[in-house]
Amino acid sequence: MTERGSHWLTKAGLRPTRQRLCLAELLVGDGRDRHVTAESLHAAAEAKGEPVSLATVYNTLKTFCDAGLINEISVDGSRSYFDTRLDDHPHFFWEDEGILTDAPAEELRITQLPRLPEGAELSRVDVVIRLKRG
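According to this note's numbering, the sequence shown is numbered sequentially starting from 51.
What follows is the structure, encoded as structure tokens:
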């Protein structure tokens, strides 16, 4: 196990429990950005021989989101992906395969957003471009 996962957790003020460390290593251990579902992360933990329940994976991903370590990207009402890349960037969602990938941010231009309702504050804009293989 590398130190990257432990550092990632402690810099966010999270206690590095065994299960958090395992999931953190799967998410950021090699330094590459990831788009995972709770189910895919659970399967990866099981493949490593780490006993962790799916409910624990969901709870841990929520904790990581709340700590600002990852972002949740909702692609429909029933499926969310969790992204370790935190800068503003669009995504491609490959509908046929259920895969979320980064899209080139430098090619996206948003020139104006609708006026926000009174009392509302902009939290984030998620751009998900849905694709099918042709």
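Beta carbons: idealized from backbone N, C-alpha and C, even for Gly.
In this structure, what does DSSP give as the bridge partners for residue i?
| i | result |
| --- | --- |
| W144 | I149 and L181 |
| D133 | H85 and N121 |
| D126 | R129 |
When the Cα of residue i is compared with those of the options, which residue comes out closest?
| i | options | result |
| --- | --- | --- |
| A155 | A117, R135 and L111 | R135 |
| F114 | G169, Q69, E168 and V125 | Q69 |
| D83 | L119, L104, K112 and V107 | L119 |
Less than 8 Å between C-beta atoms, sequence neighbours within five positions excluded: which residues of the same chain meet that for residue i?
| i | result |
| --- | --- |
| G63 | A117 |
Can you tell me whether residue i is helix, strand or coil according to DSSP?
| i | result |
| --- | --- |
| K98 | coil |
| R70 | helix |
| S90 | helix |
| A170 | coil |
Grab the span of the alpha helix (DSSP H) containing residue i for me, first residue to last.
| i | result |
| --- | --- |
| S56 | R54 to K61 |
| V185 | In the structure as shown, the chain begins at 51 and stops at 184. Residue 185 is therefore absent and cannot be evaluated. |
Can you name, in chain order, every residue of its own chain whose Cβ lies under 7 Å from the Cβ of residue i, other than the five neighbours on each side?
| i | result |
| --- | --- |
| P66 | S56, L59 and T60 |
Once you ignore the five residues that flank residue i on each side, which residues in its own chain have a CB closer than 6 Å to its CB?
| i | result |
| --- | --- |
| R54 | V78 and G79 |
| R180 | F143 and E145 |
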